[in-house]
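Below you'll find the structure, written out as structure tokens, and then a few comments.
Number of protein chains: 2
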Amino acid sequence: MESTISALKGYLEPQSVTIIGVSTRTGAGTFNVFEVMLNSGYKGRIFPVNPKGGEILGKKVYRSVAEVPEVSDLAIISIPRTAVLGAVKDCTAKGIKSVAIITQGFADADETGRAMQQELMEAVKGTGTRLVGPNTLGVANLHNNFYSSFLDFNKSTTDSAIVCQSGIFLAASLDLTAGMGLGIDIGNASDIGFNDVLEYFALDEKTRVVNMHMEGIHGGRRFMAIASEASRRKPLLCFKTGRSEAGARAAGSHSGSLAGEDHVFGAAFRQCGVIRVRDVEDMHYLNKTFLAYPNMSGRRIGVVTISGGAGIATMDACADHGLEVADFTGDTLKILNDMSPDWMDVNNPADIWPAGMSRGYLNIAKLSLDTVLSDPNVDACICITPAYQDPENNPLDISEVIREVAGKHPGKPLAVWIFGPSREKFRLRLESEGNVVVYPSPDRAARSLAMLCRYHTEIKNRPAPGYETLGEINTAPVSELITGHLADGPVTVNEPVLDMLGAYGIPAVVSRRAANLEEALALAGDIGYPVALKIISRQISHKSDVGGVSLNIRDEAALQTAYRQMLQRVKSNAPGAAVEGVLVQSFRPEGVEVILGIKRDPEFGPVVIFGLGGIYAELFRDVAFRIAPFTREEALAMLRETKAYKLLAGYRGAAGGNMDAVADCLLRLGQLALEHPEIKELDINPLMVTPGGALAVDARAVLEKLK
Amino acid sequence: MESTISALKGYLEPQSVTIIGVSTRTGAGTFNVFEVMLNSGYKGRIFPVNPKGGEILGKKVYRSVAEVPEVSDLAIISIPRTAVLGAVKDCTAKGIKSVAIITQGFADADETGRAMQQELMEAVKGTGTRLVGPNTLGVANLHNNFYSSFLDFNKSTTDSAIVCQSGIFLAASLDLTAGMGLGIDIGNASDIGFNDVLEYFALDEKTRVVNMHMEGIHGGRRFMAIASEASRRKPLLCFKTGRSEAGARAAGSHSGSLAGEDHVFGAAFRQCGVIRVRDVEDMHYLNKTFLAYPNMSGRRIGVVTISGGAGIATMDACADHGLEVADFTGDTLKILNDMSPDWMDVNNPADIWPAGMSRGYLNIAKLSLDTVLSDPNVDACICITPAYQDPENNPLDISEVIREVAGKHPGKPLAVWIFGPSREKFRLRLESEGNVVVYPSPDRAARSLAMLCRYHTEIKNRPAPGYETLGEINTAPVSELITGHLADGPVTVNEPVLDMLGAYGIPAVVSRRAANLEEALALAGDIGYPVALKIISRQISHKSDVGGVSLNIRDEAALQTAYRQMLQRVKSNAPGAAVEGVLVQSFRPEGVEVILGIKRDPEFGPVVIFGLGGIYAELFRDVAFRIAPFTREEALAMLRETKAYKLLAGYRGAAGGNMDAVADCLLRLGQLALEHPEIKELDINPLMVTPGGALAVDARAVLEKLK
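So the protein lines, in turn, are chains Z and S. Sequential numbering of the first sequence, starting at 1, is according to full-length UniProt numbering. Sequential numbering of the second sequence, starting at 1, is according to full-length UniProt numbering.
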């Protein structure tokens, strides 16, 4: 890790740069890295390399890397792909530690390109030289006016950083993240990857907000560890693309990324405190919001507006994003009403237009904003003011008032929605001291404040995760059970899963195999009625779909009928299935039915699933995910994320179910998944939950040998 | 209607205007309507009125309306609220037909204000004089440089109109709707209302898009009739606020509007082809989109991009909004691949950066955009191009190429997402001919194209609604049943509802009242086993919540047990309820359970409801609404809007249910609601749906005398 950090310092704070592949063509449209760097204000030493030698823009050009009179901190390679390997070897020979490869056509392209990228990786192995790219716009440190790009960046420097998989986030940072300080486009990430850069930015003291543009990730669990720690220091914003099937396909061909299953990323982000942005506009405003406002300690919003209609729209937006309408104190209401015409009853939103028209808009705006932000029942204020005319000589320009009041209340955001043709001019005035953000709609303002509040109330100060290791589990029998079933390919098992669950302390029904009716009758007598019968067949994975389940069998006579009818149904619904027998199980007919499960993500590992039982989890996609391990609080949060919560809480007078018992099962399932990677997937369907506890009634798993 | 249309012409195309309440103070910050109008470029005659007389800005001021030498088409009143009534009477005396009252403090304020507004309405009754407002910024016709505002508007004139309940939509139209042509702020709508203005804009030939800002509506059914017709001529966009509880409360105090239940508005908008916008930014881009693009005939999108990463984000956005990735033809693929480096495999999104860098960006952009838009598998194209540097002398400025290619393919939108610090400059160039819209994110582009497509494929050419009147219904017995139950307040009835349903052709279980066990046994014998028993008690409206339902009773012995157990349960769960007896019903245990219902909205009238049965409709709020009458197609669409559709279609191998039968029940329920306004609400819960048909198993209604 130490070496990666120092390599990244080489990329971001080089004193000396060698540029390999400097074109002799200069000027607009030539995209000359050397020219851009010369003009950027960068203070370090630059050594252009081109086999032809000579001069470019009055500077000596070196014929080779070897000829350069010093060992640069960073080399930038921008030459055809077939020549890149040679250039990288020149760099390793010279002892250059940080190399950025701009060239496209490697893992982002064809088979040949993929093989060539492999060669690059082998060329640096053991040399101490690190690679960024290929297929990257490179690196940027706007604090030092340094960037490795063939495009001239805008210079809107902020205390934020971005790690991305596309150069547009560097070149268009003013737009996409409202400026930046540090930026690295990891491109194909042949060596330096997402996690390396994130770790660097998390530790960088100048960086107050980290933005991420992620198409896919290698090392999901390391990402979670780094992000989980970093999100306690500073907000992490992530724009994850490749969410959709079409997007994921395109991501694969763009940077060789595996976009992965989106809900797994969603779970990972939630667990490690990463705020997921919705699109580039969201990213822009969230980065701005986090830079401008140091805190927000609750969700109660006061609105001060020049338009009743705009106030209503803002209330709607606040509700959409889970913010609350502040309940102004009597003192606040008195001040607001005293300044307004008699016929008005001012409340929240506070319409200050009539008062402003009769008593001067600047005075009234100042008084009302200061009053609202001083109110102990208010956590943030949204001010709605017009930008109808140019702010010069405009009696409705309250920019200075807003900046001043915002400065007085640093712990409470003063957000502004302005509208009108002069919006941009007003925005520049309002944002000039960096303590106010102007939003183009109440929706943007409310969304941004909601995420700000979430960070400061839920993410920043959350305790370090207390993962429980559940004691007294004898894993040996489970390993034996699994080993006993493993075959060459994936194998589906049913009834042994209940025993595995039992070994991990998850209550499961007693379940025994019977080869025929006589054995079933005998077992039912042992287990005790009522019982359930379930078909056993390797060809049948969803028993109930083929009529292979019979529940609540109350006595011997009923069992005989149920047995015969079930075999008949299965025969007609699944004529090809070889029936091995039936399971006889103790039956628990009452309770809330939920589903628990395990699946495995190639990057994040075991994922635990919770949802409503029956067909409804699937029908409504009402399912919560966590990556194991997770805490008991997170297990309980999973319940709250689904509608099953209302059922477990006792819906419309029903008994409900024991949530702690379900949370316990989820934690135990997580540990089972972590300790037995051969379990590829597993479902408990249903887990019956009663006020007294939970019971796994049926389960199946897919087992596979580790590769 | 004719008189309303001509009155609105007076507001929007006045040749002569009298301004009542002209201040002697002029200049910045005085908000002088007369001064603003003089400077606006308006060509009509303006007559300022102020009792002091004299001159303002070199123009004669009249001491009274009577003194004005002609009868103006329009009078604008902006004086303290106590003087407004006198001024309105002056206008009626003079014979002025159109009056706009800017003054606040009427129904938007206190009791006194509400009474004063009533006086204004009485003052004009029968005079032929109409009112806009009070509490309005008035009217605007930017085509004629005319507006009645004390604020100077921007002059961004487009062929769109807006009817609103807040002046910000006139004063800030450049921002909020990207410009406008005609605009009316109806304010408190004491006379001229939302529907009047909508009707005028619908017929106005210059207006190509109608925007609406709605807080509430009076005359919901007239709104639907007008909008339903108008949406076939031109797109109607509506920003409905007061959606949230807090917003609705604020709307009530802002313009005296009743915000109403949001899902009823949602249903009304859907039924009459109104496109609901999400916020002001959405409104801005949708209005622009509809003005720029005359058509879009499908949802297949081709993406031409300079950035792979941006292409991926765009694919995600398209998927989010229900657009599809176009499947390029072989011809298109050949052209795109021939122009690109060998190592690239170009598809959709088409990354043209490598080709552009080697063969000239302008040529490549033109070729690829033209190729993609010529592809028969493409309905629209999103072009992603950078705005890194100033477009002057910028080799990446393809604005002209884009405008030209867009002009060649008028039936297929060419939408643009650009990013970078020079975005605004690029935007102005790209939009200069009005045939291209520049979006700030792929999300905005995809959302806008999705709504454009929806309008042109679903709304514009939809057939006039074919409402069916279901014949052979003898309503007399239903009226008798209802009349027999009506009392002073609302009355809940249960079993007679099944008979009402039966009369309207909705199949319902046979259901008979039994006062005791003996009667129940006798009735069950008549009806035939299996039967269901349900408790009868006026104090119990949700029978199953108190254990008052027993299903699938197979024989006499079971009935005896079930009867006794049910009475015991009810006694312990609802000790205060007076049990009148039990219902004995034929029982149909199999099928998909759905819920049908009726409720009444104060403005829109009878609303029919469909949802999944059991507790799930409520748990998931998975319910569809339509305002009666609606068509059979809409009834079927209601099914598709809920997850019940999947169950009815036969989920995971289950039998499913007859959708036509459910649609038929919905239509019949609509007619029942329309013909019997005393039915305040009604639920069929459940309607059991089998492949063969549907059957109402239980129902309840609340009846109330008409006021």
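For every residue, glycine included, the Cβ atom is placed at its ideal position computed from N, Cα and C.
Pair within 8 Å by beta-carbon distance, Z:I335 and Z:I352
Walking along the first sequence from the start, residue 335 of chain Z turns up at place 335. Walking along the first sequence from the start, residue 352 of chain Z turns up at place 352. No, they are not a contact pair.
Could you tell me if S:M121 is buried or exposed, where buried requires 16 or more neighbouring beta carbons within 10 angstroms of its beta carbon?
Start at 1 with the first residue of the second sequence, and residue 121 of chain S comes out as number 121. It counts as exposed.
Counting only beta-carbon atoms, is Z:M451 nearer than 8 Å to chain S?
Within the first sequence, residue 451 of chain Z is the residue found at index 451, counting from 1. With a threshold of 8 Å between beta carbons, Z:M451 makes no contact with chain S.
Run of the alpha helix (DSSP H) containing residue 734 of chain S, from where it starts to where it stops:
As shown, chain S starts at 1 and ends at 707. That puts residue 734 of chain S outside it, with no answer to give.
If we count the other Cβ atoms within 10 Å of its Cβ and call it buried at 16 or more, is Z:N461 buried or exposed?
By 1-based counting over the first sequence, the position of residue 461 of chain Z is 461. By the 10 Å Cβ count, Z:N461 comes out exposed.
Quick check on the burial criterion: 16 or more other C-beta atoms within 10 angstroms. Buried or exposed for Z:R538?
Indexing the first sequence from 1 puts residue 538 of chain Z at position 538. Exposed: under 16 other Cβ atoms inside 10 Å.
Assuming S:N348 contacts S:V303 under a Cβ cut-off of 8 Å, what Cβ separation, rounded to an integer in Å, is found between them?
Stepping through the second sequence from its first residue, residue 348 of chain S is reached at position 348. Stepping through the second sequence from its first residue, residue 303 of chain S is reached at position 303. With 8 Å as the limit, S:N348 and S:V303 qualify as a contact, their Cβ atoms being about 6 Å apart.
Check the Cβ-Cβ distances between Z:R25 and every residue of chain S, and say whether any is below 8 Å.
As a working note, residue 25 of chain Z is residue 25 in the first sequence. No, Z:R25 lies away from the interface with chain S (no Cβ there is under 8 Å from its Cβ).
Near Z:E199, what residues of its chain come up, given a Cβ to Cβ distance below 6 Å and the 5 sequence neighbours on each side ignored?
Against the first sequence, residue 199 of chain Z aligns to sequence position 199. I226.
Within 8 Å of any Cβ in chain S, is that where the Cβ of Z:G105 sits?
Residue numbering aside, residue 105 of chain Z sits at position 105 when the first sequence is read from its first letter. It does: the Cβ of Z:G105 has a partner Cβ on chain S nearer than 8 Å.
Can you tell me which residues form a DSSP beta bridge with Z:H213?
Counting from one through the first sequence, the residue named residue 213 of chain Z turns up at place 213. Under DSSP, Z:H213 forms a beta bridge with Z:F239.
Grab me the residues of S:P490's own chain with a C-beta within less than 8 Å of its C-beta, minus the 5 sequence neighbours each way, in chain order.
Residue 490 of chain S sits at position 490 when you count from the first residue of the second sequence. Closer than 8 Å at the Cβ level, and outside the excluded window around S:P490, lie K680, V702, L703 and E704.
Step through the CB atoms of chain Z and report whether any lies within less than 8 Å of the CB of S:N377.
Counting from one through the second sequence, the residue named residue 377 of chain S turns up at place 377. Taking Cβ atoms only, chain Z never reaches closer than 8 Å to S:N377, which makes this a no.
On the three-pair Cβ rule with 8 Å, is the stretch 605-612 of chain Z touching the stretch 622-630 of chain Z?
yes
Which class does Z:F169 belong to by DSSP, given the choice of helix, strand or coil?
Indexing the first sequence from 1 puts residue 169 of chain Z at position 169. Here Z:F169 sits in helix by DSSP.
Contact residues within the stretch 165-177 of chain S, judged by C-beta distance below 8 Å to chain Z:
Taking 8 Å as the Cβ-Cβ cut-off against chain Z, the residues of the stretch 165-177 of chain S that qualify are Q165, S166, G167, I168, F169, A171, A172, L174, D175 and L176.
Residue ranges of each beta strand (DSSP E) run of no fewer than 3 residues wholly in the stretch 281-333 of chain Z, ordered along the chain?
300-305
Name, please, each residue of chain Z whose Cβ falls closer than 7 Å to the Cβ of S:H143.
Looking up residue 143 of chain S in the second sequence gives position 143. Simply none; closest approach about 18 Å.
Whole alpha helix (DSSP H) runs in the stretch 385-456 of chain Z with 4 or more residues, listed along the chain?
399-408, 423-430 and 442-454
Is S:V84 near S:I101, with beta carbons less than 8 Å apart?
Locating residue 84 of chain S in the second sequence gives position 84, where the first residue counts as 1. Locating residue 101 of chain S in the second sequence gives position 101, where the first residue counts as 1. Result yes, Cβ atoms of S:V84 and S:I101 sit closer than 8 Å.
S:D338, buried or exposed, once every other Cβ within 10 Å from all chains shown has been counted against 16:
Counting from 1 along the second sequence, the entry for residue 338 of chain S is found at position 338. With fewer than 16 other Cβ atoms within 10 Å, it is exposed.
Going by C-alpha distance, which of S:E458, S:I535, S:I536 and S:Q560 is nearest S:A637?
Here residue 637 of chain S refers to the residue found at position 637 when the second sequence is read from its first residue. Measuring from the Cα of S:A637, the nearest candidate turns out to be S:E458.
How would you label Z:Q271, buried or exposed, when you count the other beta carbons within 10 angstroms and need 16 or more for buried?
Start at 1 with the first residue of the first sequence, and residue 271 of chain Z comes out as number 271. Buried: at least 16 other Cβ atoms inside 10 Å.
Where S:Y388 meets chain Z, residues with beta-carbon distance less than 8 Å
The count along the second sequence starts at 1 and reaches residue 388 of chain S at position 388. Those within 8 Å of S:Y388 in chain Z are L151, D152, F153, N154, A171 and A172.
Along the stretch 562-573 of chain S, what residues have a CB closer than 7 Å to any CB found in chain Z?
none
Using a cut-off of 7 Å between C-beta atoms, extract the partners of Z:T112 located in chain A.
The structure shown contains no chain A; the protein chains it does contain are Z and S.
Comparing the C-beta of S:P575 with each C-beta of chain Z, is any distance below 8 Å?
As a working note, residue 575 of chain S is residue 575 in the second sequence. Output row for S:P575: interface = no.
Quick one: which unbroken beta strand (DSSP E) runs of 3-plus residues sit fully inside the stretch 635-706 of chain S? Chain order, please.
679-690, 693-696 and 699-703
Taking 8 Å as the threshold (beta carbon to beta carbon), is Z:K707 in contact with chain S?
Position 707 of the first sequence, counted from the start, is the residue given in the question as residue 707 of chain Z. Answer no: the Cβ-Cβ gap between Z:K707 and chain S never drops below 8 Å.
Rounded C-alpha distance that separates S:T561 from S:M688:
In the second sequence, counting from the first residue as 1, residue 561 of chain S sits at position 561. In the second sequence, counting from the first residue as 1, residue 688 of chain S sits at position 688. Computed Cα separation, rounded: 25 Å.
Work out the CA separation of Z:H263 and Z:L612 for me, nearest whole Å.
The residue you call residue 612 of chain Z lines up with position 612 of the first sequence. The residue you call residue 263 of chain Z lines up with position 263 of the first sequence. Roughly 17 Å separates the two Cα atoms.
With 8 Å set as the bound, which would you pick, yes or no: does the beta-carbon of S:I595 sit closer than that to a beta-carbon of chain Z?
Translated into the one-based positions of the second sequence, residue 595 of chain S becomes position 595. With 8 Å as the cut-off, S:I595 does not count as an interface residue toward chain Z.
With 8 Å set as the bound, which would you pick, yes or no: does the beta-carbon of S:G650 sit closer than that to a beta-carbon of chain Z?
Here the question's residue 650 of chain S lines up with position 650 in the second sequence. Closer than 8 Å: no.
Beta-carbon separation of Z:V197 and Z:K234 under 8 Å?
By 1-based counting over the first sequence, the position of residue 197 of chain Z is 197. By 1-based counting over the first sequence, the position of residue 234 of chain Z is 234. It is not a contact, given that the beta carbons lie outside the stated cut-off.
Helix, strand or coil for Z:I335 per DSSP?
Within the first sequence, residue 335 of chain Z is the residue found at index 335, counting from 1. Z:I335: helix per DSSP, three-state reduction.
Does the stretch 643-653 of chain Z come into contact with the stretch 1-11 of chain S, if we say contact requires no fewer than three beta-carbon pairs (one atom in each stretch) closer than 8 Å?
Too few Cβ pairs lie closer than 8 Å, so no.
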